[in-house]
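Right, one structure below, let's go through it.
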Amino acid sequence: MKKIYYIASLLLLFMSGNSFAQSNATKKADKHYDRLEYVDAIEDYKKLVDKGDATPYVYHRLADSYYNLYNSQEAARYYSMYIDGASDASGEAYYRYAQMLKANANYEEANRAMQAFASRSPQDKRAQAFKSNQNYLSDILDKEAKFSVERLSLNTDFIDFGGYEKDGKLYFVSARNKSRRNYGWNDQPTLDVYVSTREGEEFTSPELLEGEVNTKFNEGTVAITPDGNTMYFTRNDYLDGDYEEDEQGVGQLKLFRARLVNGAWDDIQSVPFNSSAYSTGHPALSADGKTLYFSSDMPGGIGHSDLYKVSVSEDGSLGEPQNLGAGINTEGRDSFPYIDEEGTLYFSSDGQLGIGGLDVFYAKAKGSNFGEVNNIGQPINSNGDDFAFTFSTSAKKGYVSSNRGGLAEDAQTANDNIYRVVQLEPIEEIDIMVKVINAETGAPITQAEVLNYNEAKTQVGKKQTNREGQAAFQGLRVDKAYSLQANATGYKSGLAQVSPEERGEVGVTIELSPIKPIIKKEEIVLNPILFDFDKATIRSQAALELDKLVGVMKKHPEMEIKVEAHTDKRGSAEYNQKLSERRAKSTVGYVVSQGIDKSRISWEAFGESKPKVECDNCSEEQYQENRRSVFRIIRD
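Numbering (the numbering used here), first residue to last: -2 to 633.
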């Protein structure tokens, strides 16, 4: 998979692999494409379409070209044509197709594309997140707005993005400098850094940043140290008149820093972890200036671009970059980090569940790490690319960049613009503080396993209690129900629920009863292991009962058990026999999954032949009693 970079908006991207090879017919178009000259590439590929010479390869290249320009209508059209014509369309093509469909507000078709992506890439974190929360779109779209957004008057008909305010000055990136050469990606001038001074709620006419930061190549977003004397910024791989390219002829992005000397930003230096083999960019600084955050596709990452942090010493030297990990990064594009005064991380991603293109997400600080990642919602997020979010918690104001305005007249690409953000209500989260105790003595239970499940019954956390019997789940989404299950050796499992109405810090106590095996004759007496109609899935309440059985078997390591599974009489006898077999296997499978050797538990299925309740016109309660599993001791 070849790397490419959206330098115009500094969004790191990847090309999808194609099943169909290049040919002499596509040679000219491919050259433009490989050089990131998407406007010219589109023109040449469309000539092949007009001649009737298009192949799935051509449709894929057209789709990716329009995707990179965020022309969502054309991108979706050509992804559809590629998928229809390719026998082995990649999962990534389906993912991009879904992104473009969401950008066009075609949510139903986008979900179908996501289903296809998930089936082709089941191990992908993006696929797993989708499968565990297929109602995510309504969750985001129905969320109450916490911010207002307003387009700034300083925007132009060219690309403008990356608003960052420091000491009354607004720094941003723009392609408005017509004296620059046009960049082949989008046929707009290369990017420069501009600055404007605040006057009330407005800004003065923007001017080019003084000093040596701007060049004839692309410059990107900036971050300034608390003392105002050092600026980190992104630029193409260009320093001291020397421009570097990788093996594919692409100039990577690099991070540089400049010093403020007599009112101008000079003394440009490259940071030590830059490389011409990969990109680094999108700098952000912690409030104390001791940590620098950035995005990169350096080796060892998780996705197309990941977020990293690096320590900044008092003398300005930088430590070793650290990946922020799988809790933040995805297989997609994770970029444009920003840290507010309270340590909350904001960033843009198309790998997290969003409503189209890049969405803005946040994760609150939790010690040296971050809590759960949350979509910040509308109107900050839109069907377009939404990125470069910066925010002051004290002023309750900030900026976001977006191409939500769509295509300008006769334009191939959607222009980025800067929007002012005003917070209307605080962003809320909940922290669940769990305490696990002995139900008989009230004593804390240490090293108990506490599992946290969301409304979709997907595990969102797993912790072990400390000496005080406590475990914490922090930075969780509000407006969601959570189920907490505590397990400890020698105890029956316990459950607790947290309702969607809870806010702030929520205390939960789970009492676990010591296991006192009830063995009657040759049968272990448990509450019935009941099943839903026509199902063989273990219910959560049934799991609690089976945990008791597991506890008994662990306490008596020589004990062997036989599971007897039964159904009610609805359906044919043959079908019910097979259903009871599935239920028996499901029951045995659960017990084995909890650490019991499979040689110690056998099963027999009776179908409808041995009902617990004999009845002709059975009630639902009687049917339920007949859908059961019982346990017999065959060796103790």
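Where a beta carbon is used, it is the ideal one built from N, C-alpha and C, also for glycine.
DSSP bridge partner residues for D331 (one or two, in chain order) = S346
Out of curiosity, what's the CA-to-CA distance linking A323 and R123?
-> 11 Å
C-alpha distance - E162 paired with S314, whole-angstrom precision = 25 Å
Within 10 angstroms of the Cβ of R178, are there 16 or more other Cβ atoms? Answer buried if so, exposed if not.
-> exposed
Inter-residue spacing [alpha-carbon to alpha-carbon] between Q634 and L342 | Residue 634 is absent from the structure shown; the chain starts at -2 and stops at 633.
According to DSSP, what are the bridge partners of T438?
-> DSSP, once it has assigned bridges, lists no residue as partnering T438.
How many angstroms separate the CA atom of K43 from the CA atom of V447?
-> 57 Å
Proximity below 8 Å, CB of C612 to CB of Q621 | no
If you run the structure through DSSP and keep just helix, strand and coil, what is M430?
-> strand
Tell whether a beta-carbon distance below 8 Å holds between L541 and L509.
-> no
How big is the Cα-Cα spacing for Y235 and A284?
-> 29 Å
Please state if the CB of L151 and the CB of S193 are separated by a distance shorter than 8 Å.
-> yes
Which of helix, strand or coil does DSSP assign to F17?
-> At F17 the pLDDT is 47, less than 50, meaning the model places this residue with poor confidence; the figure from the coordinates comes in the next sentence. The answer is coil: DSSP assigns F17 none of H, G, I, E or B.
Out of curiosity, what's the CA-to-CA distance linking S616 and V503?
-> 41 Å
DSSP-derived helix/strand/coil call for E601 = strand
Does the Cβ of S456 have 16 or more other Cβ atoms within 10 Å, making it buried, or fewer, making it exposed?
-> First, the amino acid is wrong: residue 456 is Gln here, not Ser. Burial call: exposed.
Candidates L546, V419, L167 and H57: which alpha carbon is nearest R597's?
-> L546
Alpha carbon to alpha carbon, how far is K213 from L421? Give it in angstroms, no decimals.
-> 41 Å
Given a cut-off of 8 Å, decide if G354 and D331 are closer than it, judged by their beta-carbon atoms.
-> no
Which whole-angstrom value describes the C-beta separation of V170 and E242, a residue pair presumed to lie in contact below a C-beta threshold of 8 Å?
-> About 22 Å; that fails the 8 Å criterion.
Cα-Cα separation, K28 to R58 | 12 Å
Report the three-state DSSP secondary structure of F270 (helix, strand or coil).
-> coil
Close Cβ partners of D347 (< 7 Å) along its chain, the five nearest in sequence each way excluded = Q96, G329, R330, G354 and L355
Rounded C-alpha distance that separates M295 from N65 | 21 Å
Option in T222, I299 and Q349 with minimal Cα separation from Y290 = T222
The region 382 to 391 / the region 362 to 370 touching (three or more Cβ pairs under 8 Å) | no
Could you name the residues of the same chain whose beta carbon sits closer than 8 Å to that of E338, not counting the 5 residues immediately before and after it, in chain order?
-> A284, S389, T390 and S391
Neighbourhood of L282 by C-beta distance below 8 Å, restricted to the same chain and skipping five residues each side = A220, I221, T222, P223, Y229, T288, L289, Y290, V309 and I336
Sequence-distant residues of the same chain with beta carbon closer than 6 Å to E660, five excluded per side | Look at the range of the chain in this structure, -2 to 633, and you will see that residue 660 is not part of it.
Is the beta carbon of I675 less than 8 Å from the beta carbon of F158?
-> Residue 675 lies beyond the range of the chain shown here (-2 to 633); nothing can be said about it.
Which whole runs of the alpha helix (DSSP H) in the region 124 to 200 are 4 residues long or more, in chain order?
-> 133 to 138
Given a threshold of 16 other Cβ atoms within 10 Å of its Cβ, counted over all protein chains shown, does Y396 qualify as buried or as exposed?
-> buried
Beta-carbon spacing of G88, F114 below 8 Å | yes
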